[in-house]
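Participant: These protein sequences, in sequence, are chains A and B.
Under my numbering, the letters of the first sequence match residues 1 to 106, in that order.
Under my numbering, the letters of the second sequence match residues 1 to 106, in that order.
Heads up, the beta-carbon is just placed ideally off N, CA and C, and yes, glycines get one too.
This is the structure, below, for whatever I ask next.
There are 2 protein chains.
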Amino acid sequence: MFFMAQLFHPSREDITLAGVLAALADPLRLRIVRSLMERKDCMSCTEAAPCPGIAKSTLSNHFRVLREAGLIHTTKQGVEHRNVVREADLNARFPKLLKTILGYAE
Amino acid sequence: MFFMAQLFHPSREDITLAGVLAALADPLRLRIVRSLMERKDCMSCTEAAPCPGIAKSTLSNHFRVLREAGLIHTTKQGVEHRNVVREADLNARFPKLLKTILGYAE
DNA sequence: TTCAATCGTTCAGAACTAGTGAACTATTGA
DNA sequence: TCAATAGTTCACTAGTTCTGAACGATTGAA
Chain A
1 MFFMAQLFHP SREDITLAGV LAALADPLRL RIVRSLMERK DCMSCTEAAP
51 CPGIAKSTLS NHFRVLREAG LIHTTKQGVE HRNVVREADL NARFPKLLKT
101 ILGYAE
Chain B
1 MFFMAQLFHP SREDITLAGV LAALADPLRL RIVRSLMERK DCMSCTEAAP
51 CPGIAKSTLS NHFRVLREAG LIHTTKQGVE HRNVVREADL NARFPKLLKT
101 ILGYAE
């Protein structure tokens with residue numbers, strides 16, 4: 001099989017404010033981003049999952065939304081996907097936005 | 001007819017981050033809020049409408065979303081509804097959020 | 001090599017949400 | 001009283017989200 005599903009990541013310029021806000025407007029996704037920020041290193045999707053009750057497919061979908069909005073960068077490493085928040089890109093595009101939003105108490 | 005549709009406004013404590021972000025995640029609503037902020041005084045719904053092509057019902061819906069998320073306060077004045085951004089409440093609940101988000105170039 | 005386990009994606013259907021025209025309510029002014 | 005204006009509500013359609021089931025890719029062990 002020579003087809004490989006590429007993980008789409010928007011370029012820095014293509015990150016939109018509406019996209020970022022919409023991605024962070026979901027409490028689950030906000031918690032995922034928070035988890036990823038708290039740990040400096042990458043986290044797999046299951047590690048970053050906010051609570052265990054969520055369906056795999058739902059989780060996968062949330063990570064896709066975050067990825068396509070430009071909030072996280074995902075790379076395949078073996079069997080799992082490692083995720084990092086695109087801090088530099090986000091700060092360049094929308095200075096202080098991430099810090100401001102994540103600054104509020106959960 | 002003695003029934004009067006009350007305009008629902010959440011109290012300051014009931015304004016949620018997810019709600020605010022979701023409300024501002026729509027480009028149209030962001031522009032409405034921007035318009036309202038630029039003018040110090042109240043604006044009617046049609047005055048604050050970002051572009052003329054939008055259906056009345058759609059506009060009405062966007063204003064309802066903004067209102068129920070706690071972003072704007074609406075009062076009936078005669079035949080029209082006057083809207084103001086709830087700056088004090090928003091700044092108390094989520095300091096700098098509004099300023100940060102509205103600070104980015106359109 | 002083969003087999004099972006793990007991690008995540010894709011698919012399809014159900015439940016929910018958003019945009020719109022038409023009909024409606026309320027206020028004002030002639 | 002009648003028409004005009006400003007918004008809301010309703011019903012319909014179109015699109016999105018959540019979920020279980022099936023699938024694909026990688027790894028480790030027999």
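1) Using a Cβ-Cβ cutoff of less than 7 Å, which residues in the same chain neighbour B:Phe94 once the five nearest sequence positions on both sides are dropped?
2) Would you kindly check if the distance between the Cβ of A:Leu59 and the Cβ of A:Cys126 is under 8 Å?
3) Name, going along the chain, the residues of the segment 10-42 of chain A whose beta-carbon falls closer than 9 Å to a beta-carbon of chain B.
4) Using the Cα positions of B:Leu90 and A:Lys96, report the straight-line distance between them to the nearest angstrom.
5) Tell me which same chain residues have a C-beta within less than 7 Å of the C-beta of B:Ala23, skipping the five on either side of it?
6) Short of 6 Å in beta carbon distance, which residues of its chain neighbour B:Ala55, apart from the five on each side in sequence? Order them along the chain.
7) Classify A:Arg86 as buried or exposed, calling it buried when 16 or more other Cβ atoms lie within 10 Å of its own Cβ.
8) Where B:Ala120 and A:Gln77 are concerned, what is the direct C-alpha to C-alpha distance, given to the nearest angstrom?
9) List the whole-angstrom C-beta distance separating A:Thr74 from A:Asn83, where the pair is believed to meet the contact cut-off of C-beta under 8 Å.
10) In the DSSP output, which residue or residues are listed as bridge partners for A:Lys40?
11) So which residues on chain A does B:Thr100 lean against when the C-beta distance must stay under 7 Å?
12) Tell me whether the beta-carbon of B:Ala121 lies closer than 8 Å to the beta-carbon of B:Arg34.
Facilitator: Short version:
1) Leu17, Val20
2) Since the displayed chain A opens at 1 and closes at 106, residue 126 of chain A lies outside it and no answer follows.
3) Thr16, Leu17, Ala18, Gly19, Val20, Leu21, Ala22, Ala23, Leu24, Ala25, Asp26, Pro27, Leu30
4) 17 Å
5) Arg29, Val65, Leu66, Ala69, Leu71
6) none
7) buried
8) The requested residue 120 of chain B is not part of the displayed model; chain B covers only 1 to 106.
9) Cβ atoms of A:Thr74 and A:Asn83 come within 8 Å of each other, at about 5 Å.
10) None, per the DSSP bridge assignment.
11) Lys96, Leu97, Thr100
12) Given that chain B is displayed from residue 1 to residue 106, the structure contains no residue 121 of chain B and the question cannot be resolved.
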